Amino acid sequence: MKKTFLALLATFSLSSAAQVTLIHNVNGYTPTKSQHIERFSSLVIKDGKVVKTSSKDLSTRYPNASKIDGEGKTLLPGLIDAHGHVIGLGNNLLTLDVRGSKSIAEVGERLSSYAKNHQGDWIIGRGWDQTLWPGGQFPTAADLDKYVKDKPVMLTRVDGHAIWVNSKAMALANISNATQTPEGGEIITLSNATPSGIFIDKAEELIRAHVPTQSPKQVNYALDKAGAHLLSLGITSTHDAGIDHTTWQVYQARAKERTMPLRIYAMLSASSPNLDDMLDAGVIKDTHDQLSIRSVKIYADGALGSRGAALIRDYHDRKGHKGLMLEDQATLESLITQSIRHGYSAHTHAIGDRANRIVLDAYQNVFKKAGGRLLRNRIEHAQIVHPEDIPRFKTLDIIPSMQPVHATSDMHMAEKRLDQKQLSGAYAWQTFLKQGSKVAAGSDFPVELANPFHGLHAAITRQDHHDLPKDGWRSAEKLTREQALQAFTLDAAYAAFQEYKLGSLEQGKWADFILIDQDYFTVAEDKIDDIQVEQTWIAGELKYQR
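Residue numbers for the sequence shown, in mature numbering (1 follows the signal peptide of the UniProt record, and there is no 0): -18 to -1, 1 to 528.
Next comes the structure, spelled out in structure tokens:
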């Protein structure tokens, strides 16, 4: 008897021992190694892997297969987010969320409501963005004190590159007018030189050092929370951009138990005090491709929204300020060399054009001395790149790991921060593709929402959710639907050395796929971000059903 997808949970699991399964009557699409989109109506799976796709009815060829009627639904490979923060997302789903707040008062109202039922020593939250508020100015500790003053409060900016704390938090951290600003950071001060409550980039550590660290139990809980959320969005694999030692241990334990909620390619945080020990343990990879740890995440500069991105010329809206380099070039070269000598790739965060240039110089110098050019090293974000430096990504085999939603969420702010000349190499996805670079696409969740269809929409239209601007922002850099899907699947897999295991539904690869409610290739462009995931499958097992 044929089984429908709707009845599947109660009647069938593809994890059955060597059972061949035929999924037919689907509107299937997959990118391929030959750089084209292949269509199919039937998918054959055995032992969690793809045996065959075909546009023909394969019932007679596989007469003993268990057959599942796809009811004409659109089927795509599982989507890969090439840059996110898994535990950060899980924590975000568990702590105070102030994303989208339109004023300090709205943040305060959410904080007050949250504080009434909060039992911990610190109140932690994330998501504020002062550029959305009247005046667009940074807030102060006094603004938070109006709502909570008996407990320390720490709210991280939406981009993760600044924190806003109350007076209680500053008192616990012994912050005063005499506090020295660490190199690579900034303490925003009031007119009387008193710390205001805003700490940018490396200055954050003055506060964070006093916040209790997460236990393995809390990390596990955050992992499960994030995993369930990502699966509901059609993400079957993600690249976790910077993990600490506790998370490193938790991930290995979960992979050994085969209880990872989705596939994770994790980058070690270069700022971890345990980096040497983690590198000495060697490359980590399990046989089921649930976990891969073979790269190091390095930070070069801050973010554009907090004016921490390092620029060649002054910020258009803050004369005399060029942003922050979190590490000098010598330190960057040392970290890249250390990574490469352990067989690890180096993935370096660089947003501003000065940071991108310095990082490219660092890679070039290291490759001459220590090799490592073929390790698929990456620059994470590559948002503002001087046009003269874009070709160097191809010359040095550096992968631009970029997040399409950043362009459409940043565009109004970026137009204020930068002049048109500075923007000439901004969010230049199509330019990178035309020179032969592979763009690995992601979202940078929880900085942005994790929904990959928001990213696909942004990549294709260069418009926000209100379909503005009319023809797209800096529209020459738009991607086609085929290019965008490739960036969120096969090219993201390539950026993790996984293109022969993941990223497409080709023979021998894991059967990771999703069923969606509209045809991605034919739905109107302005409806792509409305696409809903109905089911998510990993290795032929149903992991999520709407």
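Yeah, the Cβ is synthetic: ideal placement off N, Cα and C, and Gly gets one too. Remember, predicted model here, so these are calculated numbers, not experimental data.
Closest Cα partner of residue i within the set the options
i	options	result
residue 363	305, 282, 316 and 468	282
residue 149	59, 162 and 135	135
residue 472	514, 494, 507 and 517	494
residue 334	313, 309 and 367	367
residue 521	307, 44, 243 and 251	243
residue 189	202, 524, 163 and 378	163
residue 389	360, 237, 458 and 338	458
residue 289	509, 271, 279 and 111	111
residue 269	137, 30 and 145	30
residue 387	16, 438 and 184	438
residue 145	342, 168, 127 and 129	168
residue 518	328, 37, 210 and 40	210
residue 406	358, 203, 456 and 20	456
residue 14	203, 7, 487 and 287	487
residue 201	313, 272 and 67	67
residue 506	316, 491, 490 and 463	463
residue 171	147, 192 and 18	147
residue 262	312, 4 and 227	227
residue 356	516, 370, 326 and 384	326
residue 267	5, 516 and 479	479
residue 287	204, 236 and 391	391
residue 34	17, 12, 54 and 16	12
residue 165	348, 271, 95 and 313	313
Pairwise C-alpha distance: residue j and residue i
i	j	result
residue -10	residue 23	For residue -10, the pLDDT reaches just 41, beneath the cut-off of 50, and the residue's location in the model is therefore unreliable, leaving the point undetermined.
residue 121	residue 109	13 Å
residue 92	residue 124	16 Å
residue 530	residue 482	An answer regarding residue 530 cannot be provided, because it is not within the stretch -18 to 528 covered by the chain.
residue 199	residue 233	12 Å
residue 431	residue 43	43 Å
residue 508	residue 207	30 Å
residue -17	residue 501	Only weak support is given to the placement of residue -17: the predicted model assigns it a pLDDT of 44, under 50, and the value that follows is read from those uncertain coordinates. Residue -17 and residue 501: Cα-Cα distance of roughly 24 Å.
residue 231	residue 304	38 Å
residue 523	residue 138	37 Å
residue 248	residue 212	16 Å
residue 514	residue 528	9 Å
residue 1	residue 28	6 Å
residue 217	residue 116	36 Å
residue 258	residue 129	43 Å
residue 497	residue 52	9 Å
residue 152	residue 158	8 Å
residue 461	residue 411	7 Å
residue 328	residue 338	14 Å
residue 440	residue 56	21 Å
residue 245	residue 196	22 Å
residue 80	residue 86	10 Å
residue 382	residue 76	31 Å
DSSP beta-bridge partners of residue i
i	result
residue 79	108
residue 223	249
residue 449	Answer is none; residue 449 lacks a bridge partner.
residue 199	Partner(s): none; residue 199 has no beta bridge.
residue 277	249 and 327
residue 146	137 and 180
residue 307	283
residue 562	The requested residue 562 is not part of the displayed model; the chain covers only -18 to 528.
residue 12	20
residue 408	366
residue 34	26
residue 2	28
residue 384	423
Check: residue i C-beta below 7 Å from any heavy atom of the ligand GDP
i	result
residue 110	Among the components modelled here there is no ligand, and therefore nothing to report on the ligand GDP.
C-beta neighbour in chain C for residue i, strict 8 Å
i	result
residue 378	This model lacks chain C altogether, as it is built from one protein chain only.
8 Å contact criterion, which residue i and residue j should meet: CB distance rounded
i	j	result
residue 365	residue 408	6 Å
residue 307	residue 340	7 Å
residue 447	residue 511	6 Å
residue 474	residue 485	7 Å
residue 285	residue 143	4 Å
residue 372	residue 330	Wrong, their Cβ atoms sit about 16 Å apart, outside the cutoff.
residue 345	residue 380	6 Å
residue 48	residue 526	With 8 Å as the limit, residue 48 and residue 526 do not qualify as a contact, their Cβ atoms being about 21 Å apart.
residue 251	residue 225	6 Å
residue 315	residue 347	6 Å
Hey, is the segment 209 to 229 in contact with the segment 60 to 73, meaning 3+ C-beta pairs nearer than 8 Å?
Touching, per the Cβ criterion.
Assess contact between the segment 296 to 307 and the segment 397 to 407, defined as three or more Cβ pairs (one per stretch) separated by less than 8 Å. Is contact present?
Yes: the two stretches touch, three or more of their Cβ pairs being nearer than 8 Å.
Between the segment 166 to 177 and the segment 320 to 327, are three or more C-beta pairs nearer than 8 Å?
Contact between the segment 166 to 177 and the segment 320 to 327 is absent: fewer than 3 CB-CB pairs across the two stretches fall below 8 Å.
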